[in-house]
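Trainee: Under my numbering, the first residue of the sequence shown is numbered 553, with each subsequent residue one higher.
Glycine included, C-beta positions come from ideal geometry on N, C-alpha and C.
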Amino acid sequence: MEHQSIDLSICIASYGNNVGALIEALLGEIKANPTLSNTEIHISDQFSEAQPLHDNWTQHPRVHYHHYTEQRGRAANRNHLVALSQGAQLLFLDADALPVQPNFIAKYLKHTAPHTVLVGGTAYHSNHKQWLRYKVGIQKECISANRRSQTPYSSFSAFNVCMDRVVAETIGFDANVLEYGHEDTLFGLELRHRCLPVKHLENPAYH
């Protein structure tokens, strides 16, 4: 398959999530920055009912919504997104993510390199109604790029991560792992085993 026409594929694995805010944010940056014209977005939704599509999604030639009623699991869903996509670089985002910075995509593309994985990080909105979740999330997941870089393969998460297509195709996510998040851990261990570079950036997405 030829992948030269698309620079970046944004891959969003969903399970009936409302991805409206995420798609609007991504499209807003793509439309505002001509250098991002060779970017595509794929949403793979494993839910009993398809989500309603906004007109500006369906009218955009690079936004693709795929609906499947079969629940294959997160790992299989991400692997399927790799097969659907055409980009030389793949940006994986969870369906409940939301970019913090307006130059979110451009910042990733500035740092891409062959056989390299880029980790953007996680941020949380200060929500007093969900204070406990906010506090726990801050302690466990909101870690600076400098601190993450000290142990680059530890607690690997594909919540907000960009990688060379070759890395995604070579390693893949283990679809035999059913417990939430463990497929990410195994992916990180495989990156370390293969001595593939993992670069941590200050380019977070809200969780």
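1. Taking only the alpha-carbon atoms, compute the straight-line gap between Asp-646 and Ser-566 and give it to the nearest angstrom.
2. State the beta-bridge partners of Asn-712 as determined by DSSP.
3. Quick check: what's the CA-CA separation for Thr-610 versus His-745?
4. Between Phe-739 and chain C, is any beta-carbon pair separated by less than 8 angstroms?
5. Could you check which residue in His-616, His-663, Phe-739 and Glu-581 has the C-alpha nearest to that of Pro-654?
6. Counting only the same chain and skipping the five closest in sequence on each side, list residues whose C-beta sits under 7 angstroms from that of Glu-721.
7. For a quick check, are the C-beta atoms of Phe-711 and Ala-640 less than 8 angstroms apart?
8. Taking its Cβ as the centre, do 16 or more other Cβ atoms sit within 10 Å of Gln-638, making it buried, or is it exposed?
Mentor: Let me lay it out:
1. 7 angstroms
2. As a beta-bridge residue in DSSP terms, Asn-712 pairs with Leu-645.
3. If I take the Cα positions, the gap works out to 41 angstroms.
4. In the displayed structure, chain C is absent; only one protein chain is listed.
5. Glu-581
6. Val-634
7. no
8. buried
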